[in-house]
Amino acid sequence: MDRIIAITAAALMVVLLGVIGWLTLGANASDDQFAECRRSSVAGGDLGGAFELVNGAGETVTNVDVITEPALIYFGYTYCPDVCPLDVDRNAQAVEILEAGGQSVTPVFITVDPARDTPDVVGEFADAMHPRMIGLTGSPEQVKAASQAYRTYYKAHDPVDGEYLVDHSTFSYLVMPEVGFVDFFRREMTPDVMAEKIGCFVDAT
2 MDRIIAITAA
12 ALMVVLLGVI
22 GWLTLGANAS
32 DDQFAECRRS
42 SVAGGDLGGA
52 FELVNGAGET
62 VTNVDVITEP
72 ALIYFGYTYC
82 PDVCPLDVDR
92 NAQAVEILEA
102 GGQSVTPVFI
112 TVDPARDTPD
122 VVGEFADAMH
132 PRMIGLTGSP
142 EQVKAASQAY
152 RTYYKAHDPV
162 DGEYLVDHST
172 FSYLVMPEVG
182 FVDFFRREMT
192 PDVMAEKIGC
202 FVDAT
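Every number in my numbering is 1 more than the matching position in the sequence shown, counting from 1.
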């Protein structure tokens with residue numbers, strides 16, 4: 002009889018723990034307003050944060066100044082021979098698709114090559130890619146701090162005849178005002194798919 006009671010008690014404990022676990026997971030999921038939109042397991046707040054950089058007009062700006070609406074942030078450099086122009090153009094196309102559907106997202110370009118990418122250079126590059134794109138640069142320390150906030154990687158090669166390439170990560174980051182980072186997108190994603198996924202987040206705000 003004691004053995005039966007012990008088995009029954011153990012079974013009830015397992016059920017109780019399962020219910021508690023289900024309720025806990027359910028509560029955590031409900032706390033995330035973007036849960037249905039996420040393509041990754043990365044939760045908002047794990048990346049991103051405050052930064053201070055310089056825009057194309059030579060003005061010092063912060064993340065609060067730049068991210069006044071949903072923003073799509075990309076770290077690259079204007080002298081990049083192929084990857085950056087393609088990625089930034091893809092982001093601009095996604096933003097245009099969203100605009101056609103009545104949703105506004107700001108495309109942002111942050112250089113990882115501040116030595117060559119002066120305010121004028123990033124400003125001209127951003128204007129050429131999209132009329133609402135914001136180009137940002139800064140001191141090496143400012144750029145490094147912004148990169149570290151988003152955990153991006155970059156490393157300049159040794160110059161050859163004065164020219165050099167910069168290795169860097171190629172994710173694009175979706176950031177919401179007053180919320181922060183919500184998701185990232187790999188470079189192989191098409192503009193249409195990116196716009197659809199971003200649109201989900203915008204609708205959820």
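Even glycine gets a Cβ: it sits at the ideal position worked out from N, Cα and C.
Item	Value
How many angstroms separate the CA atom of Asn29 from the CA atom of Asp47?	In this prediction, Asn29 has a pLDDT of 45, which is less than 50 and means its spatial position is unreliable; what the coordinates show is noted afterwards. Cα-Cα distance, rounded: 15 Å.
Check each candidate in Ile199, Val144, Val203, Val167 and name the one with the smallest Cα separation from Thr61.	Val144
What residue range does the alpha helix (DSSP H) around Met195 cover?	192-205
Would the beta-carbon of Phe35 fall within 8 Å of that of Ala205?	yes
Can you tell me the Cα-Cα spacing of Gly45 and Arg39, whole angstroms?	A caution first: Gly45 carries a pLDDT of 47, below 50, which makes its placement in the model unreliable, though a value can still be read off. Whole-angstrom Cα-Cα distance: 10 Å.
Which residues does DSSP pair with Ala72 in a beta bridge?	Thr107, Val176
Could you tell me if Leu169 is buried or exposed, where buried requires 16 or more neighbouring beta carbons within 10 angstroms of its beta carbon?	The amino acid at residue 169 is misidentified as Leu; the sequence shows His. Counting Cβ neighbours within 10 Å, His169 comes out buried, since at least 16 surround it.
With distance defined between alpha-carbon atoms, name the residue in Gln94, Thr119, Val113 nearest to Thr107.	Gln94
Would you call the region 78-85 and the region 173-185 in contact, with 3 or more CB pairs under 8 Å?	no
With DSSP as the reference, label Ala101 as helix, strand or coil.	helix
From the DSSP output, in three-state form, read off Val113 for me.	coil
From the DSSP output, which residues share a beta bridge with Leu137?	Asn56, Ile111
Taking only the alpha-carbon atoms, compute the straight-line gap between Cys201 and Val194 and give it to the nearest angstrom.	11 Å
Taking one C-beta from the region 150-168 and one from the region 118-134 each time, how about it: are there three or more such pairs within less than 8 Å?	no
Straight-line CA distance for Asn64 to Ala58?	16 Å
Buried or exposed for Gly139, please, with buried defined as at least 16 other CB atoms from any protein chain shown within 10 angstroms of its CB.	buried
Is it true that the CB of Ile111 sits closer than 8 Å to the CB of Leu87?	no
Under the three-state reduction of DSSP, which class applies to Gly124: helix, strand or coil?	helix
Quick one: is Ser105 buried, meaning 16 or more other Cβ sit within 10 Å of its Cβ, or exposed?	exposed
Whose C-beta lies closer than 8 Å to the C-beta of Val84 among residues of the same chain, with five residues either side of it excluded?	Gly77, Thr171, Arg188
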